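Novice: All letters in the sequence shown, in the order written, are residues 139 to 455 by this note's numbering.
Have a look at this one before I ask anything.
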Amino acid sequence: MRLLFYCTDNFQLMDLSGPADVFTIANILSEQQLFELVYVSQFGGSVVSNSGVSIETHSFEELALDKNDTLFIVNGLDSNPDQSQKVDDFIRNAYEKVESVCSICTGLFVLAKALPNTYFNATTHWRYFDDLKDQHPNISLDHTAPFVNDGKIWSSAGISTAIDMSLSLLENAYGKKIAQQVAMAMVLPSRRRQNDLQISFHLLLQFECSSTKWENLLHWIQEHIADDLSIENIADHMAMSPRNFTRHCGKEFGLTPKKLVEKIRFDTALSLLQETTFTLSYIATRCGYKREENMKRAFMKFLDKTPNTVRKELVGV
Numbered sequence: 139m140r141l142l143f144y145c146t147d148n149f150q151l152m153d154l155s156g157p158a159d160v161f162t163i164a165n166i167l168s169e170q171q172l173f174e175l176v177y178v179s180q181f182g183g184s185v186v187s188n189s190g191v192s193i194e195t196h197s198f199e200e201l202a203l204d205k206n207d208t209l210f211i212v213n214g215l216d217s218n219p220d221q222s223q224k225v226d227d228f229i230r231n232a233y234e235k236v237e238s239v240c241s242i243c244t245g246l247f248v249l250a251k252a253l254p255n256t257y258f259n260a261t262t263h264w265r266y267f268d269d270l271k272d273q274h275p276n277i278s279l280d281h282t283a284p285f286v287n288d289g290k291i292w293s294s295a296g297i298s299t300a301i302d303m304s305l306s307l308l309e310n311a312y313g314k315k316i317a318q319q320v321a322m323a324m325v326l327p328s329r330r331r332q333n334d335l336q337i338s339f340h341l342l343l344q345f346e347c348s349s350t351k352w353e354n355l356l357h358w359i360q361e362h363i364a365d366d367l368s369i370e371n372i373a374d375h376m377a378m379s380p381r382n383f384t385r386h387c388g389k390e391f392g393l394t395p396k397k398l399v400e401k402i403r404f405d406t407a408l409s410l411l412q413e414t415t416f417t418l419s420y421i422a423t424r425c426g427y428k429r430e431e432n433m434k435r436a437f438m439k440f441l442d443k444t445p446n447t448v449r450k451e452l453v454g455v
């Protein structure tokens, strides 16, 4: 399978290197060339990223597009790229011929300019939501997803989410096992799926923390998620009275201690459900639910789906 990476001048390096590494590592682990990676620009030759790293590329004229190709569009920080008719024609031709077209971060603006009359669902980096809405009304924007697949068009928020999108493309092509092996080789903490958030709940909590003390509490709760995390026990760990801890918890996170633990417990269970083949009973015990039925109630509360339903949906992802 051939992967074409179209790179603009001043492209974002990780938007290219993240996906490229996913497929290169897949080749290494499988001990065969599952993917051929080809780097492309309008004129060919050297293209420089916004971090100063340059790559050698092929020009449009050197390529004969194939129905089994996948095109990635890698742009920089410009949400209003000045692209030529030649670029528009290349992308439009690729959209008609290749298997998939994948935009990364502001690459969506490049794609949207080339396909002004094509309506599709997509996402981009959260900083560019307003720009996209103003410039491209033909796109229905998902404001939360790390990546979106709508037919032959894939789009991601960029940076690390481009890795998540690439892992899903890899899984679609060659199965979940190789995708999981690549994720482990890249030492990823977890894989985000299309229905996850661009910015994780845990990262948002860390952002809200006023000190390392409260950030460390989040790690401590995760490490002890199977234990009795009553207000009294957590307050004791923080060397506070339950009343004082409850007040400070609300100030730090905007949540009661009970709701904070509930959300961290659910996120941990969801991650294990998505990334492992552990039984539901084991996950429930591992995450402190004690009984499978208790975990089921939590999933219905947060997702309006049972754990069984979530796992069955993942098989088709």
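Here a beta-carbon is modelled for each residue, glycine too, at the ideal position from N, C-alpha and C.
All figures in this text were calculated on a predicted structure; none of them were measured in a lab.
#1: Run through DSSP, which three-state label would residue 387 get?
#2: Do residue 356 and residue 367 come within 8 Å of each other at the CB atom, strictly closer than that value?
#3: Given residue 246, which residues of its chain have a CB within under 6 Å of its CB, disregarding the five upstream and five downstream residues?
#4: On a Cα-Cα basis, can you pick out the residue from 306, 151, 315, 302 that is closest to residue 326?
#5: Return the residue from the list 287, 272, 198 that minimises the CA-CA distance to residue 241.
#6: Give me the Cα-Cα distance between residue 320 and residue 349, rounded to the nearest whole angstrom.
#7: Jot down the residue ranges of each uninterrupted alpha helix (DSSP H) in the region 279-352, minimum 4 residues, whole runs only, in chain order.
#8: Mapping the DSSP letters down to three states, classify residue 455 as helix, strand or coil.
#9: Please list, in chain order, all residues of the same chain as residue 283 whose beta carbon is under 6 Å from its beta carbon, the five residues on each side excluded.
#10: Taking the continuous beta strand (DSSP E) assigned at residue 148, which residues delimit it?
#11: Based on Cα-Cα distance, which residue from 148, 296, 389 lies nearest to residue 285?
#12: Could you say if the region 219-239 and the region 160-168 meet the contact criterion of at least three C-beta pairs nearer than 8 Å?
#13: Out of 291, 189, 306, point me to the one whose CA is closest to residue 210's CA.
Specialist: So, to answer that:
#1: helix
#2: no
#3: 260, 262, 293
#4: 302
#5: 287
#6: 35 Å
#7: 299-312, 314-323, 339-346
#8: With a pLDDT of 46 at residue 455, under the threshold of 50, the modelled position of this residue cannot be trusted; read the value that follows with caution. Coil at residue 455, not helix or strand.
#9: 261, 332
#10: Where residue 148 is concerned, there is no enclosing beta strand (DSSP E), given that its DSSP letter is neither H nor E.
#11: 296
#12: no
#13: 291
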